[in-house]
Amino acid sequence: MPQLIFLPHNELCPEGKVIEVDPGVTICDAALQNGIEIEHACEKSCACTTCHVIVREGFESLEESDELEDDMLDKAWGLEPESRLSCQAVVAEDDLVVEIPKYTINQVSEQH
Ligand code: FES
């Protein structure tokens with residue numbers, strides 16, 4: 522079973538977390554099922570960016586993002602080349618190292 526290694530995030534998983542998941546599950550669902558309350562404002566329908574994560578390792582093992590995801594990602598806070606929307610990124614056979622960005626676009630707009 523592939524492992525998902527979540528890097529520490531101040532609020533969601535301060536110590537970081539390592540979980541084992543079945544291939545075929547999305548990163549977002551895997552996190553939620555394991556107590557990491559990643560935001561998913563559009564209920565995982567690829568219509569927000571609050572579930573944005575950066576896949577630090579294993580990015581290449583994921584199926585490529587489609588156009589809709591890429592368009593949404595453009596709006597995400599802290600976009601990086603290895604950014605994905607976690608509700609669209611399906612775990613394959615490889616281990617992944619996942620970073621949850623410090624902010625989501627919702628939090629940023631609340632602050633300004
Ligand atoms: S939960 Fe909205 S795009 Fe993933």
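Each residue of the sequence shown is one higher than the last, beginning at 522 in the numbering used here.
Beta carbons are placed, not taken as given, at the ideal position from N, Cα and C, and that holds for glycine.
Bear in mind the structure is a predicted one, so any value in this text is a computation, not a measurement.
As assigned by DSSP and simplified to three states, the class of residue i
{"i": "Ser604", "result": "strand"}
{"i": "Ile526", "result": "strand"}
{"i": "Val629", "result": "helix"}
{"i": "Leu617", "result": "strand"}
{"i": "Cys563", "result": "coil"}
{"i": "Cys572", "result": "coil"}
{"i": "Glu578", "result": "strand"}
Beta-carbon contacts of residue i that lie in its chain and below 7 Å, excluding the five residues immediately before and after
{"i": "Ala551", "result": "Leu525, Ile540, Val542, Val612"}
{"i": "Pro504", "result": "For residue 504 there is no data in the structure shown, the boundaries of the chain being 522 and 633."}
Cβ-Cβ distance between residue i and residue j below 9 Å
{"i": "Gly579", "j": "Val618", "result": "yes"}
{"i": "Pro622", "j": "Ile575", "result": "yes"}
{"i": "Ser586", "j": "Leu606", "result": "yes"}
{"i": "Thr571", "j": "Glu560", "result": "yes"}
{"i": "Thr536", "j": "Arg577", "result": "Just to set this straight, residue 536 is Glu in the shown sequence, not Thr. Not in contact: Glu536 and Arg577 (Cβ atoms no closer than 9 Å)."}
{"i": "Asn627", "j": "Cys569", "result": "yes"}
What residues come near the ligand FES, if near means a beta carbon less than 5 Å from any of its heavy atoms?
His561, Cys563, Lys565, Cys567, Cys569, Cys572, Leu606, Cys608
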